[in-house]
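A.B. asks: The letter at position 95 of the sequence shown is residue 97 when you use my numbering, and the numbering goes up by one with no holes. Positions of the beta carbon are idealized from the N, C-alpha and C atoms, including for glycine. After the structure tokens below, expect a handful of questions from me.
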Amino acid sequence: MKQYWFELKLQVLTASLSIAVSTFIMPFVSANAQNLNLVNNKENQLAQAADNCRRVFPPEGVYVHTQPTVYGSIIGSIAGGRYVRIESENINDWIPISIPLKGYVFAGYLTSCAPAPPPPPNCRQVAATNGIYVYQQPLAQSPIVGFIASGRYVMIKNRSSNGWASISIPLKGYVFANYLSECS
3 MKQYWFELKL QVLTASLSIA VSTFIMPFVS ANAQNLNLVN NKENQLAQAA
53 DNCRRVFPPE GVYVHTQPTV YGSIIGSIAG GRYVRIESEN INDWIPISIP
103 LKGYVFAGYL TSCAPAPPPP PNCRQVAATN GIYVYQQPLA QSPIVGFIAS
153 GRYVMIKNRS SNGWASISIP LKGYVFANYL SECS
């Protein structure tokens with residue numbers, strides 16, 4: 003009986019390792035063998051022209067599977083930023099694609115092909131590593147209204163000549179303009 007359980011555990015372990023290898027290691031081999039350069043080819047233009055265009059947004063790219071599941075064999079990869087043509091809506095969070103490869107891609111890795119709109123001209127981003135304080139008036143001795151963390155966006159109303167910027171979002175008040183950068 004012990005021998006039976008040992009063999010069963012060995013089979014389960016072997017199957018688990020097989021799945022892990024095919025899911026995590028084989029894609030790298032497959033990606034190197036079938037990674038496609040789609041910069042200016044016809045397929046990339048076809049994918050972009052259609053209403054059913056999507057763009058791969060993870061910089062590391064995505065794997066294309068034969069079935070709408072992680073257990074489907076990986077037939078290749080598509081680099082981040084490249085375009086794909088979808089064939090229909092998602093099937094259990096998987097999207098069937100036909101260009102540049104025919105197969106399935108996880109829906110969470112695709113985004114619209116339309117470019118993002120530019121930020122408004124009065125948008126600024128907090129560039130100070132430790133964030134910035136918002137003051138009631140454009141004076142360092144003025145009462146503090148609040149704090150905005152680094153990387154957050156603000157809307158400036160105007161920039162005064164004394165180095166302060168009047169902001170309206172997310173708080174109303176004044177911040178030292180040197181700690182702001184253009185929104186990207």
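Going by the CB atoms, is the gap between residue 59 and residue 113 shorter than 9 Å?
C.D. replies: Start at 1 with the first residue of the sequence shown, and residue 113 comes out as number 111. Start at 1 with the first residue of the sequence shown, and residue 59 comes out as number 57. Contact flag set, yes.
A.B. asks: Provide the residue span of the beta strand (DSSP E) that contains residue 64, from first to last.
C.D. replies: Taking the first residue of the sequence shown as position 1, residue 64 is located at position 62. Here the beta strand (DSSP E) through residue 64 covers 64-67.
A.B. asks: Using only the alpha-carbon positions, how far apart do residue 160 and residue 170 sit?
C.D. replies: As a working note, residue 160 is residue 158 in the sequence shown. As a working note, residue 170 is residue 168 in the sequence shown. One C-alpha to the other measures close to 10 Å.
A.B. asks: Whole-angstrom Cβ separation of residue 106 and residue 97, contact assumed at under 8 Å?
C.D. replies: Numbered from 1 along the sequence shown, position 104 holds the residue referred to as residue 106. Numbered from 1 along the sequence shown, position 95 holds the residue referred to as residue 97. Between residue 97 and residue 106 the Cβ distance is about 7 Å, and since that is below 8 Å, they are a contact.
A.B. asks: Skipping 5 residues on each side, what residues in its chain have a beta carbon closer than 7 Å to that of residue 138?
C.D. replies: Locating residue 138 in the sequence shown gives position 136, counting from the first residue. Excluding residues within five positions, the ones whose Cβ falls inside 7 Å are 144, 145, 147 and 175.
A.B. asks: Return the chain-ordered list of same chain residues with a C-beta closer than 8 Å to the C-beta of residue 111, the five sequence neighbours on each side being excluded.
C.D. replies: Taking the sequence shown and counting its residues from 1, the one referred to as residue 111 is at position 109. Sequence-distant partners of residue 111 (beyond 5 residues in either direction) whose C-beta falls short of 8 Å from its own C-beta, in its chain, are 58, 59, 60 and 64.
A.B. asks: Would you check if the distance between the CB atom of residue 154 and the CB atom of residue 128 is smaller than 9 Å?
C.D. replies: Within the sequence shown, residue 154 is the residue found at index 152, counting from 1. Within the sequence shown, residue 128 is the residue found at index 126, counting from 1. Yes.
A.B. asks: Do residue 134 and residue 150 have their C-beta atoms within less than 9 Å of each other?
C.D. replies: In the sequence shown, counting from the first residue as 1, residue 134 sits at position 132. In the sequence shown, counting from the first residue as 1, residue 150 sits at position 148. Yes; because the gap between Cβ atoms is below 9 Å, this pair is in contact.
A.B. asks: According to DSSP, which residues form a beta bridge with residue 113?
C.D. replies: Position 111 of the sequence shown, counted from the first residue, corresponds to residue 113. Residue 113 pairs with 57.
A.B. asks: Between which two residues does the beta strand (DSSP E) containing residue 160 stretch?
C.D. replies: The sequence position of residue 160 within the sequence shown is 158, counting from 1. Annotation: the continuous beta strand (DSSP E) that includes residue 160 extends over 155-161.
A.B. asks: Expressed to the nearest angstrom, what Euclidean distance is found between the alpha-carbon atoms of residue 103 and residue 140?
C.D. replies: Locating residue 103 in the sequence shown gives position 101, where the first residue counts as 1. Locating residue 140 in the sequence shown gives position 138, where the first residue counts as 1. Approximately 58 Å between the Cα atoms of the pair.
A.B. asks: Quickly, what does DSSP pair residue 182 with across the bridge? List them, please.
C.D. replies: For this step, residue 182 is matched to residue 180 along the sequence shown. Per DSSP, 128.
A.B. asks: Tell me whether the beta-carbon of residue 80 lies closer than 9 Å to the beta-carbon of residue 67.
C.D. replies: As a working mapping, residue 80 is identified with position 78 in the sequence shown. As a working mapping, residue 67 is identified with position 65 in the sequence shown. Not in contact: residue 80 and residue 67 (Cβ atoms no closer than 9 Å).
A.B. asks: When the distance is taken between beta carbons, is residue 152 closer than 9 Å to residue 132?
C.D. replies: Here residue 132 refers to the residue found at position 130 of the sequence shown. Here residue 152 refers to the residue found at position 150 of the sequence shown. Cβ atoms of residue 132 and residue 152: closer than 9 Å.
A.B. asks: Measuring alpha carbon to alpha carbon, tell me which residue in 83, 71, 123 and 75 is nearest residue 92.
C.D. replies: On the sequence shown, residue 92 is found 90 positions in, with the first residue counted as 1. Nearest C-alpha to residue 92: 71.
A.B. asks: Short of 7 Å in beta carbon distance, which residues of its chain neighbour residue 115, apart from the five on each side in sequence? Order them along the chain.
C.D. replies: For the purposes of this step, residue 115 is taken as the residue at position 113 of the sequence shown. Only 50, 55, 56, 57 and 85 meet the Cβ criterion.
A.B. asks: Distance, Cα to Cα, residue 126 vs residue 89?
C.D. replies: If you number the sequence shown from 1, residue 126 lands on position 124. If you number the sequence shown from 1, residue 89 lands on position 87. Our two residues, residue 126 and residue 89, have alpha carbons roughly 40 Å apart in a direct line.
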